[in-house]
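**Q** Residue numbers (the working numbering), protein chains in the order written: chain A, 1 to 192; chain B, 193 to 836.
1. Might you give, ordered along the chain, the residues of its own chain that have their beta carbon closer than 7 angstroms to the beta carbon of residue 200 of chain B, omitting 5 neighbours on each side?
2. Who does residue 738 of chain B pair with in a DSSP beta bridge?
3. 8 angstroms is my cut-off, CB to CB: does residue 418 of chain B come that close to chain A?
4. Do the region 252-262 of chain B and the region 229-244 of chain B touch if we need at least three Cβ pairs shorter than 8 angstroms?
5. Would you please verify whether the beta carbon of residue 190 of chain A is less than 8 angstroms from any beta carbon of chain B?
6. Could you check whether the Cβ of residue 113 of chain A sits closer than 8 angstroms to any Cβ belonging to chain B?
7. Roughly how many angstroms separate the alpha carbons of residue 8 of chain A and residue 237 of chain B, rounded to a whole number?
8. Assuming residue 286 of chain B contacts residue 249 of chain B under a Cβ cut-off of 8 angstroms, what Cβ separation, rounded to an integer in Å, is found between them?
9. Fully enclosed by the region 569-647 of chain B, which beta strand (DSSP E) runs are 3 residues long or longer?
10. From residue 415 of chain B to residue 369 of chain B, what does the alpha carbon distance come to, in whole angstroms?
11. Please return the same chain residues whose Cβ sits closer than 8 angstroms to the Cβ of residue 665 of chain B, not counting the five positions on each side in sequence.
12. What in chain A is Cβ-close to residue 520 of chain B, meaning under 8 angstroms?
13. Would you verify that the beta carbon of residue 527 of chain B is, or is not, closer than 8 angstroms to some beta carbon of chain A?
14. Please return the same chain residues whose Cβ sits closer than 7 angstroms to the Cβ of residue 657 of chain B, not counting the five positions on each side in sequence.
15. Considering only the alpha carbon of each residue, which of B/592, B/511 and B/560 lies closest to residue 583 of chain B?
16. With contact counted as at least three CB pairs below 8 angstroms, one residue from each stretch, are the region 206-222 of chain B and the region 159-175 of chain A in contact?
17. Starting from the Cα of residue 606 of chain B, find the closest Cα among B/313, B/456 and B/739 and give me that residue.
18. Within 8 angstroms (strictly less), CB to CB, does residue 2 of chain A reach chain B?
19. Please report the straight-line C-alpha distance between residue 364 of chain B and residue 423 of chain B, rounded to a whole angstrom.
20. Output the distance between the C-alpha atoms of residue 45 of chain A and residue 138 of chain A, rounded to the nearest integer angstrom.
21. Can the beta-carbon of residue 382 of chain B be found less than 8 angstroms from the beta-carbon of residue 311 of chain B?
22. Across the region 383-401 of chain B and the region 461-477 of chain B, are there enough close Cβ pairs to call them in contact, namely three or more that are closer than 8 angstroms?
23. Straight-line CA distance for residue 623 of chain B to residue 538 of chain B?
24. State the Cα-Cα distance for the pair residue 206 of chain B and residue 409 of chain B, rounded to the nearest angstrom.
25. List the residues of chain A whose Cβ lies closer than 8 angstroms to the Cβ of residue 515 of chain B, in chain order.
26. Please check the pair residue 760 of chain B and residue 737 of chain B, which I expect to be a contact at CB under 8 angstroms, by giving their CB distance rounded to whole angstroms.
27. Helix, strand or coil: which one does DSSP assign to residue 98 of chain A?
28. Can you list the residues of chain C that residue 180 of chain A reaches, using a CB-CB cut of under 9 angstroms?
29. Can you name the residues of chain A whose CB is closer than 8 angstroms to the CB of residue 464 of chain B?
30. Below 8 angstroms CB to CB, which residues in the same chain sit around residue 276 of chain B once its five sequence neighbours on both sides are set aside?
31. Taking 8 angstroms as the CB-CB limit, is residue 486 of chain B close to chain A?
32. If residue 366 of chain B and residue 411 of chain B are in contact, beta carbons under 8 angstroms, what's the gap, nearest whole angstrom?
33. Short check: CB of residue 447 of chain B to CB of residue 387 of chain B, under 8 angstroms?
34. For residue 680 of chain B, which residues of its own chain have a beta-carbon under 8 angstroms away from its beta-carbon, when the five flanking residues on both sides are left out?
35. Assign residue 750 of chain B to one of two classes, buried (16 or more other C-beta atoms within 10 Å of its C-beta) or exposed (fewer than that).
36. From residue 742 of chain B to residue 585 of chain B, what does the alpha carbon distance come to, in whole angstroms?
Pasting the structure below:
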């Protein structure tokens with residue numbers, strides 16, 4: 001009889017074990033929180049410039065002074081509303097802004113490739129029309145840097161200080177209120 | 193305003209679920225008929241308020257109310273209306289509301305259609321459903337409220353990121369799967385209610401069967417349509433990928449299939465009772481576990497971006513309570529269950545026992561394959577990934593005994609049969625099956641492949657035995673008197689046979705070729721001649737692009753003309769490959785248009801996939817068989833109908 005009883009408890013015991021693993025898995029997952037990046041060095045990368053295949057950017061060229069990194073794309077509607085304000089920031093407050101161009105079409109595994117010349121034309125046209133806040137744009141074609149940054153959509157903005165440490169990750173558009181309340185305090189602090 | 197109404201309705205539904213989980217239970221204890229009678233009414237209220245709430249969410253999506261966080265994050269103003277609708281349950285929060293809608297819908301159905309059940313049983317079932325509901329309503333209200341506002345500052349437009357997933361298949365197949373997942377909660381509630389009452393006679397199995405069959409049929413249909421959608425939309429011709437999301441839906445299906453057969457034994461022979469209860473608990477538990485795995489981000493896929501561990505913990509607690517609680521109840525109470533039906537080593541019961549063992553083994557294979565990478569990482573052995581080869585090999589081993597049993601079992605008598613009666617017949621059938629398979633493969637294909645031969649032999653084996661069984665049964669009972677559930681079994685088995693043949697043939701004999709073509713060029717594949725006529729501009733409602741016009745001939749006879757398209761969606765700045773498919777009962781021709789090469793030629797990939805339609809045909813037949821059971825007169829419980 002005792003043997004029979006223990007047998008019936010087997011599923012329960014197995015389930016409790018599984019539960020323990022799941023609980024541990026939930027908290028050890030590096031991707032679970034994008035804010036985990038804050039206080040950490042900017043991820044390493046090696047990506048071409050949007051406008052020239054031969055010019056390569058790395059984290060070293062990017063982060064030797066405080067910089068705002070803005071994830072965007074011409075396909076993103078909110079980015080269109082954000083651009084003029086970013087341009088104003090760059091011009092009037094002298095904020096160094098670098099664009100991380102996020103392309104969502106490129107999916108070689110599905111047989112889809114981004115049309116880079118077309119993107120360049122679109123970007124040029126859009127920046128001419130709405131204002132160009134960017135020092136330069138990094139093309140993250142396979143979205144690897146965006147993945148490492150924990151980007152969930154566009155637009156998103158990161159503040160990186162002069163030592164290359166990520167200080168802020170903002171999701172959504174940057175506007176005057178967001179800048180004043182959320183980004184400016186950190187920006188001013190790292191620029192002192 | 194509308195989102196607030198939806199939110200309010202959700203709170204009312206939550207309150208009703210609390211009432212449902214308490215008062216009818218007190219009524220049971222005190223034998224108070226009035227309190228017990230509250231259960232069906234509360235269930236109806238639960239459904240009505242949840243439906244209203246869901247309607248409000250859909251409204252918020254359709255009217256681009258970006259003051260609602262959920263809408264702002266998962267939709268945008270440029271989205272066509274049908275995708276706005278789909279987006280309302282595409283997000284985490286929305287999908288949980290859909291889950292609740294279906295959960296309450298099933299409870300509603302139980303309240304409506306189970307008037308023939310004894311009052312105490314019906315009350316117990318609805319109370320158990322109430323307990324489950326309390327947990328889920330609490331979850332959605334506390335940590336996943338779909339109506340949360342972004343006020344006072346709301347975005348100009350939504351930030352929908354992934355237009356790739358906008359497809360009609362996304363509108364229909366997740367709700368079907370959810371119907372199946374959640375439907376299993378009814379089998380679960382019946383099992384728990386029976387455990388609680390301690391009254392596990394065969395009538396319990398009889399009541400549970402049609403509900404289980406319905407949930408199972410939805411699950412089957414959801415999986416089938418999901419597979420077909422992946423094939424026709426993803427553009428690379430695959431139909432099953434063994435990824436965690438698919439596995440999460442496949443495991444409950446396997447267990448529910450075992451449950452369906454085990455319930456038959458419990459109903460007819462009063463045996464396997466404790467086992468049946470366990471399967472009912474397991475089927476729903478795996479649905480919950482699957483949802484947890486997919487939604488919590490425990491299993492990281494490349495596209496599972498930031499997830500919230502708080503939510504994960506909440507679901508985990510919910511899982512611990514529902515699954516842990518029911519397993520504990522099972523461990524404590526199952527000892528009291530006595531199965532009276534005795535059977536010998538060779539009987540219908542032992543055959544179905546084999547079916548159950550094999551299905552559970554298959555479930556364990558999938559569960560291990562899905563969870564092992566996680567466990568591996570947790571115990572510090574690094575990251576591994578378990579892929580298709582593992583699953584394919586294991587399933588090849590499992591399907592052979594499964595299909596052999598499936599053929600014979602319906603002919604074996606309940607309780608006891610003579611093994612001696614089952615020596616000559618199977619030998620003749622297997623010899624016939626192998627011979628016919630060999631002829632089939634020799635005539636149709638250039639070479640004979642072992643796995644294809646195996647699959648086709650199993651197909652013919654099942655078909656022959658099914659025919660034999662039908663003939664034998666019809667010699668005793670006239671066609672018109674044969675119960676629908678018998679047809680349901682016959683059809684279900686034929687569906688599985690088609691599925692096996694389809695999988696074997698298409699995986700062994702599919703051919704593909706990458707070609708570079710200019711206007712006027714031809715390419716040959718499997719006897720078909722593909723002629724690249726020209727490329728024309730296409731101008732759709734919200735896209736434009738190119739279509740390659742390809743004429744296909746076989747031995748100079750015209751077969752078909754296909755248009756393989758490359759579309760550019762202007763609003764979404766998105767390129768889509770629309771594969772051209774010439775579907776046929778015996779083969780599919782599948783062409784996807786690749787890149788335009790610098791010299792003006794086009795890259796194309798052409799496939800010929802024999803018998804691939806049989807996979808979905810099989811799935812649809814199986815689902816139909818499940819739905820057929822519902823119309824069997826034996827399962828229609830009428831008011832005051834005599835039980836047992």
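Yeah, the Cβ is synthetic: ideal placement off N, Cα and C, and Gly gets one too.
**A** According to the structure shown:
1. Listed in chain order, the non-local C-beta contacts of residue 200 of chain B below 7 angstroms within the same chain number zero, local neighbours out to five positions each way being set aside.
2. Under DSSP, the beta-bridge partners assigned to residue 738 of chain B are B/729 and B/758.
3. With 8 angstroms as the cut-off, residue 418 of chain B does not count as an interface residue toward chain A.
4. No, they do not touch.
5. Not one beta carbon of chain B lies nearer than 8 angstroms to the beta carbon of residue 190 of chain A.
6. Interface residue, yes.
7. Between residue 8 of chain A and residue 237 of chain B, the C-alpha separation is close to 38 angstroms.
8. Contact holds; Cβ gap of about 6 angstroms.
9. You should have found no qualifying run.
10. Answer to the nearest angstrom: the Cα atoms are 7 angstroms apart.
11. Closer than 8 angstroms at Cβ, skipping near neighbours: 674 and 678.
12. Under the 8 angstroms cutoff, chain A gives 12.
13. With a threshold of 8 angstroms between beta carbons, residue 527 of chain B makes contact with chain A.
14. Cβ within range, chain order: 599, 600, 603 and 621.
15. That would be B/560, whose Cα lies nearest to the Cα of residue 583 of chain B.
16. These segments do not touch.
17. Nearest of B/313, B/456 and B/739 to residue 606 of chain B, Cα basis: B/456.
18. In this prediction, residue 2 of chain A scores a pLDDT of 43, lower than 50, which makes its location untrustworthy; the coordinate-derived value is nonetheless stated afterwards. No, no contact with chain B.
19. Looking at the two C-alpha atoms, the distance is approximately 15 angstroms.
20. Cα-Cα distance, rounded: 10 angstroms.
21. In this structure, residue 382 of chain B sits away from residue 311 of chain B, with a CB-CB distance that is not shorter than 8 angstroms.
22. With a cut-off of 8 angstroms, the region 461-477 of chain B and the region 383-401 of chain B count as touching, because enough Cβ pairs lie within range.
23. Whole-angstrom Cα-Cα distance: 23 angstroms.
24. Going from the Cα of residue 206 of chain B to the Cα of residue 409 of chain B covers about 29 angstroms.
25. Per Cβ cutoff of 8 angstroms: 15.
26. Contact flag correct, Cβ pair sits at about 5 angstroms.
27. Strand, per DSSP.
28. No chain C is present in this structure, whose protein chains are A and B.
29. Near residue 464 of chain B there are no residues of chain A at all, since even the closest Cβ is about 15 angstroms away, more than 8 angstroms.
30. Contacts found: 253, 254, 256 and 267.
31. Closer than 8 angstroms: no.
32. Their Cβ separation, rounded to whole angstroms, is 12 angstroms, which puts residue 366 of chain B and residue 411 of chain B out of contact at 8 angstroms.
33. Cβ atoms of residue 447 of chain B and residue 387 of chain B: not closer than 8 angstroms.
34. In the same chain as residue 680 of chain B, and ignoring 5 residues on each side of it, the C-beta atoms closer than 8 angstroms to its own belong to 405, 817, 818, 820, 821 and 824, in chain order.
35. For residue 750 of chain B, the number of other beta carbons within 10 angstroms of its own is below 16, and it is reported as exposed.
36. Approximately 37 angstroms between the Cα atoms of the pair.
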